[in-house]
DNA sequence: AATTTATTAGAGTATTTGCTCTATTTTGGG
DNA sequence: CCCAAAATAGAGCAAATACTCTAATAAATT
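Protein chains in written order, with the working numbering: chain S, 1 to 208; chain A, 1001 to 1208.
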């Protein structure tokens, strides 16, 4: 594996453990055994390391929400949208933990994040619209019902991991915490979902 | 006003503007014109300044959710729970912006935050139970329906301001953003609220 | 083989940060 | 008015941080 990749892997590991702001180039070079000069050969600065890590998060997240199948959306597929994407949020939890600080320091990153957010809100809305078209969900209330539902899903998606972390004395999280987050998302949608569809979708949270 | 209070006021102001991790004792002493020695006379360390600020947040938040009136809970009172508490979250937005980092660095603060969170979850649940008893709300679904509803309210409460900040290019927020957060909380509860009660409660978001 | 290009090492630097120390001034009770 | 306690000032320090510079080595290309 290249030293460049080693830097990225170690940075992700350390930042997830201790938070992005607690990790400097020093910690990364110490942990990898790579010299600072070498690190700065591969990355212009620390900002670029974070941008590179975010690019991976962005890519993985978008992939997790893309539906290449024909409608209707099966309950299992529906559930896997949220489970897959939340697992990605868990993998990159350093990012949401330090979100505001990271975006304040780097306007380019902030713009990219807002792009991702807008894309996500649109896509989450589309998923809901399709499930309604499939006849498995009642139309959410109000004139911006779809938007509000998508926004709530998004809010839980990008804040759930941090919530679990601050709720545990050691700031840790296990995979069970991720599933609880999906359940929390379902609880927002439950009032609109057909009971049988809801039940089928939740099966993914019980099994493997 | 005492120098001690001046330090607290300026710290809150600066941290809200630039984030808790961006503000050091230097910035506070520069902005207030108070010497570092004097600052450290009033506070043992920076940690104590943050703890002191949190104590205020904790107090104000708890007061905003206490109901000293007799049931039933009026729609206006119901709405003001969320509007008042969210205004407090706005006032102390530095805290939620840097939440994970702050709690990781200070275990005592972390414990106090979890206390507040547990109290809040219990209280939000009690409010919902009372509105159901008053006949203005349907019992939320599932065996832990109340808990899930309270948790969603809590999640929006402590993450809404940050969401608005990262969504705006300048990371700012105005009072309208606060009201949108209350509307978002209502959207979670709407499916259970009596339509007329819901409508009355939302009036507070249009007026004043 | 020659030479350019990519990669690595590590000492070094300028700046910042949280905090201490000593010294001086202000204040309030007897 | 006295004096101890509270409050304030500001020089200074040890550690950390992001990053640069120079020089050496490995890989690729001709």
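Note that the Cβ used here is the ideal one computed from N, Cα and C, for glycine as well.
Excluding residues up to 5 positions away in sequence, 14 lie with their Cβ nearer than 7 Å to the Cβ of residue 27/S in the same chain. Within the segment 1186 to 1203 of chain A, the residues whose Cβ lies closer than 8 Å to any Cβ of chain S are, in chain order, 1187, 1188, 1190, 1191 and 1192. Think of a sphere of 7 Å around the beta carbon of residue 113/S: the chain A residues whose beta carbon falls inside it are 1166, in chain order. Contact annotation: the segment 1063 to 1072 of chain A does not touch the segment 1025 to 1041 of chain A, with fewer than three C-beta pairs closer than 8 Å. Here the C-alpha atom of residue 1160/A lies approximately 20 Å from the C-alpha atom of residue 1203/A. When the five nearest sequence neighbours on each side are left out, the beta carbons in the same chain lying within less than 6 Å of the beta carbon of residue 1097/A are those of 1019 and 1162, in order along the chain.
If you look at residue 1197/A, you'll find it in the alpha helix (DSSP H) that goes 1195 to 1206.
Of the candidates 22/S, 43/S, 138/S and 182/S, 43/S places its Cα closest to the Cα of residue 8/S. Per DSSP, the continuous alpha helix (DSSP H) segment holding residue 1181/A begins and ends at 1175 to 1189. Inter-segment contact for the segment 1177 to 1187 of chain A and the segment 1070 to 1086 of chain A is present: three or more beta-carbon pairs are separated by less than 8 Å. When the Cα atoms are used, residue 59/S and residue 30/S turn out to be separated by approximately 29 Å. Going by DSSP, residue 151/S is part of the alpha helix (DSSP H) stretching over 145 to 167. In this structure, residue 1101/A sits away from residue 1054/A, with a CB-CB distance that is not shorter than 9 Å. Among the CB atoms of chain A, none fall inside 9 Å of the CB of residue 206/S.
When secondary structure is reduced to three states using DSSP, residue 1/S falls in the coil class, being assigned neither helix nor strand. DSSP places residue 1104/A inside the alpha helix (DSSP H), whose first and last residues are 1099 to 1105.
Within its own chain, the residues whose Cβ lies closer than 6 Å to the Cβ of residue 88/S, once the five positions on either side in sequence are excluded, are 60, 61 and 64, listed in chain order. For residue 60/S, the enclosing alpha helix (DSSP H) starts and ends at 46 to 65. A residue is called buried when at least 16 other Cβ atoms come within 10 angstroms of its Cβ; residue 156/S meets this threshold and is buried. At a cut-off of 9 Å between C-beta atoms, residue 160/S counts as an interface residue with respect to chain A. DSSP places residue 1079/A inside the alpha helix (DSSP H), whose first and last residues are 1075 to 1091. Only exposed fits residue 1005/A, as fewer than 16 other CB atoms lie within 10 angstroms of its CB. Each residue's CA atom was taken as its position, placing residue 1105/A and residue 189/S some 36 Å apart. For residue 23/S, none of the residues of chain A pass the 7 Å Cβ criterion, the least Cβ distance being about 11 Å. Between residue 142/S and chain A, the shortest Cβ-Cβ separation is below 9 Å. At a C-beta separation below 8 Å, residue 1104/A has these neighbours in chain S: 18, 19, 22 and 171. Sequence-distant partners of residue 1125/A (beyond 5 residues in either direction) whose C-beta falls short of 8 Å from its own C-beta, in its chain, are 1146, 1147, 1149 and 1150.
Of the candidates 112/S, 76/S and 25/S, the residue whose Cα lies closest to the Cα of residue 1166/A is 112/S. At a cut-off of 9 Å, the C-beta of residue 1183/A has a neighbouring C-beta in chain S. For the 9 Å CB-CB criterion, residue 73/S and residue 136/S form a contact. One finds 1099, 1100, 1101 and 1104 in chain A with Cβ atoms closer than 9 Å to the Cβ of residue 97/S, taken in chain order. Taking the beta carbon of residue 27/S as reference, no residue of chain A falls within 9 Å; the closest one sits roughly 15 Å away.
Residue 1099/A and residue 1001/A have their C-alpha atoms spaced approximately 29 Å apart. Residue 145/S belongs to the set of residues whose beta carbon lies under 9 Å from a beta carbon in chain A.
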